[in-house]
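Written out below as structure tokens is the structure these notes cover.
Protein chains: 2
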Amino acid sequence: MVKVAIMGYGTVGSGVYEIIRDNNFDYEALNPIGVKYILDIRDFPDHPQKELFTKNFDDILNDGEVYCVVEAMGGLHPAYEFTKALLENGKNVVTSNKELVATYGPELLQIAKDKNVNYLFEASVGGGIPIIKPMCSSLMSNKIQKIIGILNGTTNFILTEMIEKNKDFSEALSDAQKNGYAERDPSADVEGHDACRKLAILSSLAWSEYVDYKDIDTEGITKITLDDVKYADKFGYVIKLIGYSEKNDKVFARVSPMFVSKNYPLSGVCGVFNAIVVKGNYLGTSMFYGRGAGKFPTASAVVADVIDSVRHIGAKKQYLEWKPAAEGYIKPANEGVFRFFVRSQSQKEQIESLFGNVEFADGIKDGETGFITDLMTEKEFLDKANILNVNSFIRVLEA
Amino acid sequence: MVKVAIMGYGTVGSGVYEIIRDNNFDYEALNPIGVKYILDIRDFPDHPQKELFTKNFDDILNDGEVYCVVEAMGGLHPAYEFTKALLENGKNVVTSNKELVATYGPELLQIAKDKNVNYLFEASVGGGIPIIKPMCSSLMSNKIQKIIGILNGTTNFILTEMIEKNKDFSEALSDAQKNGYAERDPSADVEGHDACRKLAILSSLAWSEYVDYKDIDTEGITKITLDDVKYADKFGYVIKLIGYSEKNDKVFARVSPMFVSKNYPLSGVCGVFNAIVVKGNYLGTSMFYGRGAGKFPTASAVVADVIDSVRHIGAKKQYLEWKPAAEGYIKPANEGVFRFFVRSQSQKEQIESLFGNVEFADGIKDGETGFITDLMTEKEFLDKANILNVNSFIRVLEA
């Protein structure tokens, strides 16, 4: 039996424990998997296997029998120090910690390579949706051109409630909190930070150069109003929080609310579901859809990674490498090319003299008109918009 | 350089050749891949690498330098004999030939296991969509409960044209043929045989026991009319050709046109696109979407399998096993449980006395009413339907 340790007995960690304990999955390994330690600073005196618990990280680090460690602690510290020490000690590490992967990915992957162990993080993006592994295997025969994702279930739930039930942002947020889909402090979700880290991980994977999440222009959904939702509908769109990245010579990446055409498959992704579109030069458009969060979806992705690391005992490990990005690898935000939906109090004549023949939508808000521009760089758009009386704008997704 | 042979220089085979030749993909192997032979009975005198062509299978079989062979010949014979000989000779084989996999899968997989080589067939289902590999890896921590797929692009194109453009079946079929989406003899697609073979492969993979495609009750779309499309719309559904399988104690599998709720993600899969929903006990619903056919999508999946086999040179191969199914493993078709959409000329009173309070839709066709039953076994339904004056019926997908 292959021995595994779990660090952090919260939602994901306990889900991993339960899946392995119940062994209720379709994997008949030559080497079955068993949990030897659970690390947590809290006490679990009523746990049926309380003998597994330890508060001493060294128990895990120094136990030669522990082959794979699940890091489900979350946060950067001490998750980073623990992960690094484990990899350096030749142990495989599996994590759902997107913050850690997005921040220390290049260093931790390099250590894993040097030590011929796995550092696997399928559960860090899209919860239970298989996306990391397909990108590193099934899509390898393609040059990936674009990644377009609904990467955060909380914001997608809120936007879906706004679109389908006509709730305003704060009411929808409050309902998300009541349903357990949003934290009491929802800023990591609603400000787009969570989606940003996931987009950074996907972009680093797609092109093997590290995309630092701090370099990704990120905008949340807190300013989206029901009037925006109505304008979108009138033009044939829905509003989604989109993580978008593409590579030509450089990588362009951004997280922001976008108008998504009702004909585009991502428009139908509702509630807490996530979906990621990957465009490859040969494959064209593919999409991966499923539950982006939740105890068992996420834990099942962690356990799949554990199985993966166990499958290759004694073999040379497949490794990932995120090279440091060259200077200027990330395109500046204002070079992004979009069509823009604009709400303005200016006269239509002035709008058309600046933006040409655009389609207008009226009657949503008094004294205001909505229109969608042609494709242009963000810089060009902002220069023109500066001349107008602009209330707000939202980018339109070019799929 | 790892040497590869391609058998069959049709659409898929030539796509594989071009992708490998152009090496325009994101795989930097320690071992780059090169084509050493192309087997085809035809002559290609103007081909820039005509020295690669051979008509003699033994050239490939007996060349110790050939590590992996792509079988893109299609059909059962001689693809079966060639594949068997290659595997027995210790060569890895990659194929897009769903007919061969669905028919001889158990035997060929057993030989591959015995010889420690790969027999890989990602491209046999869903074209370029990664589905086989995720089912065999990322979803291994789940017990798969259901597979629901739009597995055939030709029929999905035809149904989409009927739904969106109000064309009748024969006009939509003729347009599919004009666009190159349907063969001159379209029966393999429109009668559901192609979807049936793919469903058999997915079901065999999901539960590791061989599901013979001949045991899957299969119905095509040739009888679907525009009136059916209108009824579906009135009840909140669209009609899709669905491959459905589930496992409780036994496996139940069938291919037929079904009413799919407009709220269900598969309803938005249009045109030649394919999508496969997999339900796992931990993951819940996940969906894989993309181009189910076409030269480069399919060839890119083949090349991904080639890369996969090359990655593990010298290592113990991961193998798949399809055990022979026990007697009675497949549930009889009439034990399937569905709701049924029925078109009938009987009186509503008679319908309700048989089926209880059902929802009716009228006004589509004179002297006829449409209704949807509660959940019942197909046997129970047919017994009741026999009493009525039933024009036709369509199953309703229970997702």
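First to last, the protein sequences are chains X and G.
Counting in this note's numbering, the first sequence runs from 4 upward without gaps.
Counting in this note's numbering, the second sequence runs from 4 upward without gaps.
Ideal Cβ placement from N, Cα and C applies to all residues, glycine included.
Keep in mind that this is a model prediction, so the values were computed, not measured.
| Item | Value |
| --- | --- |
| Start and end residues, beta strand (DSSP E) containing Tyr240 of chain X | Tyr240 to Lys250 |
| Segment contact, 8 Å Cβ cut-off, at least three pairs: the stretch 186 to 194 of chain X with the stretch 326 to 346 of chain X | no |
| Per-residue DSSP class, three states only, for Cys199 of chain X | helix |
| Cβ separation of Val393 of chain G and Val345 of chain G, assumed to be a contact under 8 Å, to the nearest whole Å | 6 Å |
| Alpha-carbon spacing of Leu269 of chain G relative to Phe291 of chain G, whole angstroms | 10 Å |
| Residue nearest to Glu222 of chain G in terms of C-alpha spacing, selected from G:Phe341, G:Lys39, G:Leu64 and G:Ile397 | G:Ile397 |
| In DSSP terms, what Met290 of chain X is bridged to | X:Val280 and G:Tyr292 |
| Interface partners of Thr288 of chain G on chain X, CB under 9 Å | Phe276, Tyr292, Gly293 and Arg294 |
| Length-filtered (4 minimum) alpha helix (DSSP H) runs lying within the stretch 56 to 116 of chain G | 60 to 64 and 82 to 91 |
| Cβ shell of Gly239 of chain X (< 7 Å), same chain only, five flanking positions each side left out | Ser264 and Lys265 |
| Three CB pairs or more closer than 8 Å across the stretch 308 to 324 of chain G and the stretch 227 to 236 of chain G | no |
| Under the three-state DSSP convention, the category Val7 of chain G falls into | strand |
| Same chain only: Cβ atoms within 6 Å of Lys282 of chain X, ignoring 5 sequence neighbours per side | Gln148, Lys149 and Thr288 |
| Continuous alpha helix (DSSP H) assignments of at least 4 residues falling wholly in the stretch 294 to 352 of chain X | 298 to 314 |
| Coarse secondary structure for Asn394 of chain G, derived from DSSP in three states | strand |
| Interface residues of chain X facing Ile354 of chain G [CB-CB closer than 7 Å] | Result: empty, since nearest Cβ-Cβ is about 33 Å, beyond 7 Å. |
| Chain G within 8 Å of Ile114 of chain X, Cβ atoms only | no |
| Proximal residues to Leu323 of chain X (C-beta, below 6 Å), its chain only, five neighbours per side dropped | Leu112 |
| Contacting residues, own chain, Cβ-Cβ under 6 Å from Lys250 of chain G (five flanking each side not counted) | Trp210 |
| Arg294 of chain G classed as buried or exposed, judged by whether at least 16 other C-beta atoms fall within 10 angstroms | buried |
| Asp162 of chain X at chain G interface by Cβ criterion, 8 Å | For clarity, residue 162 of chain X is Leu in the given sequence; the question names Asp instead. No, its Cβ sits nowhere closer than 8 Å to a Cβ of chain G. |
| For Gly18 of chain X, the first and last residue of its enclosing alpha helix (DSSP H) | Thr14 to Asp25 |
| Minimum C-alpha distance to Ala296 of chain G - residue among G:Lys351, G:Gly156 and G:Lys387 | G:Gly156 |
| Within chain X, the residues that Ile22 of chain G reaches when beta carbons sit closer than 8 Å | Ser144 and Tyr285 |
| Short Cβ contact (8 Å threshold) for Ser177 of chain X with Val254 of chain X | no |
| Inter-stretch contact (C-beta, 8 Å, three-pair minimum) for the stretch 334 to 343 of chain X and the stretch 223 to 231 of chain X | no |
| Reduced DSSP secondary structure (H/G/I, E/B, other) of Glu186 of chain X | coil |
| For Thr380 of chain X, the three-state DSSP class (helix, strand or coil) | strand |
| Where the alpha helix (DSSP H) containing Pro137 of chain X begins and where it ends | Ile135 to Cys139 |
| Span of the beta strand (DSSP E), counted from its first residue to its last, around Ala364 of chain X | Glu362 to Ala364 |
| Cβ of Gln52 of chain G within 8 Å of any chain X Cβ | no |
| Val38 of chain X vs Val72 of chain X beta-carbon contact at 8 Å | no |
| Interface residues of chain G facing Asn27 of chain X [CB-CB closer than 8 Å] | Lys146 and Asn284 |
| Neighbour list for Val232 of chain G in chain X, Cβ cutoff strictly below 7 Å | Per Cβ cutoff of 7 Å: no residues; Val232 of chain G is ~19 Å from chain X at best. |
| Start-to-end residues for the beta strand (DSSP E) that takes in Met165 of chain G | Careful: Met165 of chain G lies outside any beta strand (DSSP E), inside the alpha helix (DSSP H) at Gly156 to Lys168. |
| Distance, Ser347 of chain G Cα to Gly183 of chain X Cα | 47 Å |
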